[in-house]
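If you're matching them up, the sequences are chains B and D in order. Residue numbers for the first sequence follow my numbering, so the first one is 4 and each next one is one higher. Residue numbers for the second sequence follow my numbering, so the first one is 4 and each next one is one higher. Yeah, the Cβ is synthetic: ideal placement off N, Cα and C, and Gly gets one too. Model, not experiment: these values are computed from the prediction.
2 protein chains.
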Amino acid sequence: MSTEEVAKKVTELVRKQSWYEALDTLYGNDIVSVEAFSAGGGPTETRGKEGVRGKIDWWVNAMEVHSFKASEPFVGHDRFVVQYDADVTDKKTKERRKLSEVGVYTVKNGKIVREEFLPRVG
Amino acid sequence: MSTEEVAKKVTELVRKQSWYEALDTLYGNDIVSVEAFSAGGGPTETRGKEGVRGKIDWWVNAMEVHSFKASEPFVGHDRFVVQYDADVTDKKTKERRKLSEVGVYTVKNGKIVREEFLPRVG
C-alpha cells in the first residue's frame with residue numbers, strides 16, 4: 004500500500020474506533036509509538052506491536068468516549084498526519100475533557116513504523 | 004528556545020506572512036525543506052537557508068494571497084505541526100484556489116532544522 008492508502012485506511016478505522024484492526028493490519032512489527040507526555044513519569048516511547056496493543060487496552064479501559072473525530076489525512080512521501088478531536092470522560096476520575104492532537108505517522112513498505120502524538124498547545 | 008517557543012513564534016510570524024523574518028530568526032543554516040510535490044518535476048527537497056529564501060521569493064512573487072490562516076501549533080518533544088489554510092490566486096494563470104496543508108517541523112538547539120509540507124488528501 005502507498006502512504007496515501009495507509010493514511011486513508013487508518014482514518015477510516017480510527018473513525019470507527021477500530022484500534023485493534025488498525026494495529027493488526029497496518030502496523031509494522033517494530034512500530035515505535037511516541038507520546039508527548041507519559042502517564043506517571045514512565046517512558047514516552049513504546050516499541051513493538053504488543054506494546055502498542057497495551058496502549059490500546061489502556062485507552063479502551065480508561066476512557067468513555069463521547070465522540071472521536073479524525074480529519075482527512077495530510078500526505079507527503081513516507082509521512083502522513085491526521086488531526087484527532089475527542090470528547091472523553093476518564094472512567095476513574097469522572098473528569099470529562101476535550102483532547103485535540105495530531106498523529107504524525109511514518110510508513111515503510113506499506114506499514115506504519117513510527118507514530119508520534121502531539122497535543123495542541125495554547 | 005524550546006520546541007514550544009519556536010512553534011508559537013513561527014505561528015505568530017506566519018500569521019503576519021513574515022516569511023523572511025521567520026527564516027532569519029528561527030531556521031538553522033542546514034535547514035532541509037521538503038514539499039510533497041515539486042513544480043515542474045524538479046527536486047522536492049531544498050537544502051540550506053538560501054534555498055528556502057528562494058522558495059519564499061517564489062511564493063511572494065507568484066501568489067496573490069487573499070487569506071492565510073495558521074492553526075494553533077501541536078507540540079511534542081523536538082517536533083511540532085501547524086495546519087495552514089490559504090486562499091490564493093496564481094498571478095500568472097489567474098487561477099484562484101484553496102490550499103490546505105500541514106507543516107511538520109523538527110527543532111534542534113532552538114532552530115528549525117527540517118520542515119515537511121503535506122497537502123490534505125481527499
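- K95/B has its alpha-carbon roughly 43 Å from the corresponding atom of L29/D.
- Interface annotation for the stretch 110 to 125 of chain B against chain D: E119, F120, L121, P122, R123, V124 and G125, criterion Cβ-Cβ distance under 9 Å.
- In the structure shown, V55/D adopts helical secondary structure according to DSSP, grouped into three states.
- V124/D is positioned such that its CB atom lies closer than 8 Å to that of A10/B.
- When rounded, the separation of the alpha-carbon atoms in V13/D and G57/D is 18 Å.
- For the stretch 81 to 108 of chain D, residues whose beta-carbon sits nearer than 9 Å to a beta-carbon of chain B comprise R82, F83, V84, Q86, S103, E104, V105 and V107.
- Beta bridge pairing from DSSP links R50/B with V35/B.
- For K11/B, the chain D residues whose C-beta falls within less than 9 Å of its own C-beta are V124 and G125, listed in chain order.
- Judged by DSSP in its simplified three-state form, T109/B adopts strand.
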